[in-house]
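So the sequence lines, in the order shown, correspond to chains A and B. Residues are numbered in the working numbering as their position in the first sequence, beginning at 1, plus a constant of 13. Residues are numbered in the working numbering as their position in the second sequence, beginning at 1, plus a constant of 26. The structure under discussion appears below in the form of structure tokens.
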Amino acid sequence: GESVGLHLPTLSVQEGDNSIINCAYSNSASDYFIWYKQESGKGPQFIIDIRSNMDKRQGQRVTVLLNKTVKHLSLQIAATQPGDSAVYFCAENMIGGGSNYKLTFGKGTLLTVNP
Amino acid sequence: ETGVTQTPRHLVMGMTNKKSLKCEQHLGHNAMYWYKQSAKKPLELMFVYNFKEQTENNSVPSRFSPECPNSSHLFLHLHTLQPEDSALYLCASSQASPGAQETQYFGPGTRLLVL
């Protein structure tokens, strides 16, 4: 069936290094992707999104890359800080009931930043 | 703060109890969602409401009963739950419109423990 998944369940980096979190998706019809960050005890927080007509989008210290050929999505965090420690989810946007778009989430990658 | 609030933040209930979870969004959105987040599992969509109408029920057991009196408020009524229903219940909202790709904004969740 269709799925969104993550290559690495955990990632440990040193403070100041760059982090790359990967995500694979299987529905070639998906046209919108979102990265969320979830800190302990909190709900998922929107980080950045990208539409399928783009292959790169940059935010503040974060960059999302989309490779539609291999159905791969990545989140790059520059100069990783301890406050970046969290679980990161990618989500895939598909049409759901009625006019709604339904998000399908991956399992998440736990990013740990070591001081 | 994401503009989506949930109460209570923590709830312990017995299997014979009846309780309700509340979600309120202050973002002017017209779609609201309930998700279940269990350990080591992806976020599971439970219900979707668009303009107070339920547009998605993702095969959720009837012991979970949603209610959406208006576009800003969403409830999840719980009765005769099972221990395996223990999880983090997340509410989200988005601006839904036909053909639009929407970002969902999440509340902090209610941590539910069923004894």
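The beta carbon of each residue, even a glycine, is placed where N, CA and C say it ideally should be.
Counting only residues of its own chain and dropping the five nearest sequence neighbours on each side, L139(B) has a CB closer than 6 Å to the CB of V38 and S112. At least one beta carbon of chain A lies nearer than 8 Å to the beta carbon of P68(B). Annotation: the segment 80–107 of chain A contains the following complete segments of the beta strand (DSSP E) (minimum length 3 residues), in chain order: 85–90. Around the beta-carbon of T82(A), fewer than 16 other beta-carbon atoms lie within 10 Å, marking it exposed. Listed by position along chain B, the residues whose Cβ is nearer than 7 Å to that of P57(A) are F132. S46(B) and H99(B) have their C-alpha atoms roughly 13 Å apart. Secondary structure at E28(A): coil, using DSSP grouped into helix, strand and coil. In this structure, A99(A) lies away from L78(A), with their beta-carbon atoms at least 8 Å apart. If you ignore the 5 residues before and after E128(B), its C-beta comes within less than 8 Å of the C-beta of A57, S120, Q121 and A122, all in its own chain and listed in chain order.
For the options Y61(B), S97(B) and F77(B), the alpha carbon positioned closest to that of S85(B) is the one of Y61(B).
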